[in-house]
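Enquirer: Chains as they are written, first to last, in full-length UniProt numbering: chain E, 1 to 303; chain W, 1 to 303.
All C-beta atoms, glycine included, are put in the ideal place defined by N, C-alpha and C.
Quick caveat, the model's predicted, so the values are computed rather than measured.
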């Protein structure tokens, strides 16, 4: 494997903060797709773009209905793509949702979703990972601070930061039900983590991650430099964020679940290679290893 | 023991929602102390009163300094009044703070603290319990929903709802560092909990409570009826709340600790009897069994 490792992680006992190399956050222009110039500038600076009312009311209702059906679908019993809460065994996440649900797959193909991903990444795109997070009330666990890219690079072999995630709220996000927090601007710094990735680590890390978590000194430095932005708002809103944003969410003791649909679009020019810091790649429902461009190409495609 | 049990709990396998009996939330009048009529009316309706800048800047600085000293005070090593986080072993709470710290004791005697307690409870008061909660960052655990009165009634033998708590923020409270949540108006309903209190239960319940936690159906009903109010604001602010408020707080993955000074004032006319649902009373650092009226009596005292 000859791909150069621009972002070494899990290779030493010393954490490190490495400036983002070469990779722009936004590849496209305003003419290339749905986002306007201001949105693209904001995305480049902060690493995220929030969209009010990304879904229409009827799309939202049917997505919520689809989620409810999946949560009780007996065909998913024992399916490895379903991750449960550590203590309560309630469903925490269902992965590979674009293969499980025809409805969610159709939604993803839409220009407001796939089209924006093409615009931001400046190429055709494919789905690296998709899931719904249910995050139940009455004690849903936190997701500790992390950069998704750190995991995808280390465990899946994603070479560069040319991927973007979309989170669509399927429930209202309040200040107090564990909504997503991002450190704005943190996507410009790669936090190299300590520790070796054990074999089959994904089986436990999806419940609670330990290896590949940033050290507290780096987190404190990033938080003091960038602050913390917590995203609240009604169901149906969307949030685009860069693969390397430092983000996380607190637990949720309220009665109100915090559910979302989560899709990771990767550039077709950023296909996976061998993992940079793991004995073998994770299963394909966590990181697709086949590049299948989605949706109809638009003029957004520079290449 | 002949005291009638108006609020049975931990006695059956059925949870129940019992309307508050007889006990007013506010006993005093505006003429009796620092709070004005509007504040007393709000306290009666919502079960809480928040006070901006309860501490002066210099009081706040010296209280923060006192907390820092206590966190590293070797004399507290191994002291049973110190409760640590389950996993990290960081300090979670230090109880009996009015006996440990002369500085905090002086603060409590002030008219803004003891005087307001006398006004709300309409009698002389004594300290039922005092503590500082440190709630560290980077994963401080949640406090699940509970009514303090439920515990004090069951485990300490507090007969009636004639006690009031004061929480003083020693760090800034943000939306995202696990700040206190209350269901406004919930103090008018007593949620009777299921389960038997094991002997010596306080040793584990102070880290994470299981027995004496309300059932999810009651919590959902209260939250839907009353909503959830989360308290944010700068360090130095205070929050008075009734003994029976349904309250809790989420965990805290941010770098910013959420520390507060917490004092429970009980009316001298509400002295403890035998526990209503526990084999024996908890240690006195959790529930004082000697009535020692504090501060100088004021005209607030109706009795």
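Comparing C-alpha positions only, which one of W:16, W:44, W:22 and W:241 sits nearest to residue 29 (chain W)?
Expert: If we check each option's Cα against that of residue 29 (chain W), W:44 comes out closest.
Enquirer: Please state whether DSSP places residue 237 (chain E) in a helix, a strand or coil.
Expert: Residue state, collapsed to three classes: coil.
Enquirer: Quick check on DSSP: helix, strand or coil for residue 68 (chain W)?
Expert: Residue 68 (chain W): helix per DSSP, three-state reduction.
Enquirer: Would you call the CB atoms of residue 218 (chain W) and residue 191 (chain W) closer than 8 Å?
Expert: Yes, the Cβ-Cβ distance between residue 218 (chain W) and residue 191 (chain W) is below 8 Å.
Enquirer: Select from W:290, W:228 and W:286 the residue whose C-alpha is nearest the C-alpha of residue 81 (chain W).
Expert: Residue W:286 is the option with its Cα nearest to residue 81 (chain W).
Enquirer: With a 10 Å radius around its C-beta and 16 neighbouring C-beta atoms as the bar for buried, classify residue 299 (chain W) as buried or exposed.
Expert: Reliability of the predicted coordinates at residue 299 (chain W) is poor, the pLDDT of 42 falling under 50, and the value obtained from them is presented with this limitation in mind. Per the 10 Å Cβ criterion, exposed.
Enquirer: Output the distance between the C-alpha atoms of residue 264 (chain E) and residue 8 (chain W), rounded to the nearest integer angstrom.
Expert: Cα to Cα, the separation comes out at about 52 Å.
Enquirer: Terminal residues of the continuous beta strand (DSSP E) containing residue 231 (chain W)?
Expert: No beta strand (DSSP E) holds residue 231 (chain W); DSSP gives it neither H nor E.
Enquirer: Taking just the CA atoms, how far does residue 79 (chain W) sit from residue 259 (chain W)?
Expert: If I take the Cα positions, the gap works out to 20 Å.
Enquirer: Grouping DSSP H, G and I as helix and E and B as strand, with all else coil, what is residue 249 (chain W)?
Expert: Reduced to three states, the DSSP call for residue 249 (chain W) is strand.
Enquirer: So, is the C-beta of residue 1 (chain W) closer than 8 Å to a C-beta in chain E?
Expert: Confidence at residue 1 (chain W) is low in this model, with a pLDDT of 46, below 50, so its placement is unreliable and no value can be given for it.
Enquirer: What are the start and end residues of the beta strand (DSSP E) that includes residue 128 (chain W)?
Expert: First-last of the beta strand (DSSP E) with residue 128 (chain W): 125–133.
Enquirer: Taking Cβ-Cβ distances shorter than 7 Å, what residues in chain E pair up with residue 84 (chain W)?
Expert: By Cβ distance, chain E contributes nothing, its closest Cβ being about 18 Å from residue 84 (chain W), past 7 Å.
Enquirer: Of all Cβ atoms in chain E, is any one closer than 8 Å to the Cβ of residue 252 (chain W)?
Expert: Chain E, which has a Cβ nearer than 8 Å to the Cβ of residue 252 (chain W), makes this yes.
Enquirer: Which word fits residue 294 (chain W), buried or exposed, when buried means at least 16 other C-beta atoms lie within 10 angstroms of its C-beta?
Expert: Looking at its Cβ environment, which holds 16 or more other Cβ atoms inside 10 Å, residue 294 (chain W) is buried.
Enquirer: With the cut-off set at 8 Å, would you say residue 268 (chain W) and residue 125 (chain W) are in Cβ contact?
Expert: Against a cut-off of 8 Å, the Cβ pair of residue 125 (chain W) and residue 268 (chain W) comes out as a contact.
Enquirer: Mark residue 214 (chain E) as exposed unless 16 or more other C-beta atoms lie within 10 angstroms of its C-beta, in which case mark it buried.
Expert: Flag for residue 214 (chain E) reads buried.
Enquirer: By a C-beta neighbour count over all protein chains shown, 10 Å radius and 16 as the cutoff for buried, is residue 22 (chain W) buried or exposed?
Expert: It is exposed - the Cβ of residue 22 (chain W) has fewer than 16 other Cβ atoms within 10 Å.
Enquirer: What are the residues of the region 169–190 of chain W that lie near chain E, defined by any Cβ-Cβ distance shorter than 9 Å?
Expert: The region 169–190 of chain W vs chain E, Cβ under 9 Å: 174, 175, 176, 177, 178, 179 and 181.
Enquirer: Label residue 14 (chain W) either buried or exposed according to how many other C-beta atoms from any shown protein chain fall within 10 Å of its C-beta, with 16 as the threshold for buried.
Expert: With fewer than 16 Cβ atoms within 10 Å of its Cβ, residue 14 (chain W) is classed as exposed.
Enquirer: What does DSSP give as the partner residue(s) for residue 263 (chain E) in the beta ladder?
Expert: Answer is E:130 and E:166, bridged to residue 263 (chain E).
Enquirer: For residue 139 (chain E), is the classification buried or exposed, using 16 other Cβ atoms within 10 angstroms of its Cβ as the cut-off for buried?
Expert: Buried, since its Cβ has 16 or more Cβ neighbours within 10 Å.
Enquirer: Looking at C-alpha atoms only, which residue of W:50, W:196 and W:171 is the closest neighbour of residue 154 (chain W)?
Expert: Selected option, being the one with the closest Cα: W:196.
Enquirer: Can at least three beta-carbon pairs, one atom from the region 96–110 of chain E and one from the region 221–233 of chain E, be found at a separation below 8 Å?
Expert: With a cut-off of 8 Å, the region 221–233 of chain E and the region 96–110 of chain E do not count as touching, because too few Cβ pairs lie within range.
Enquirer: Whose C-beta lies closer than 7 Å to the C-beta of residue 54 (chain W) among residues of the same chain, with five residues either side of it excluded?
Expert: Correct list, in chain order: 112, 168, 236, 237 and 238.
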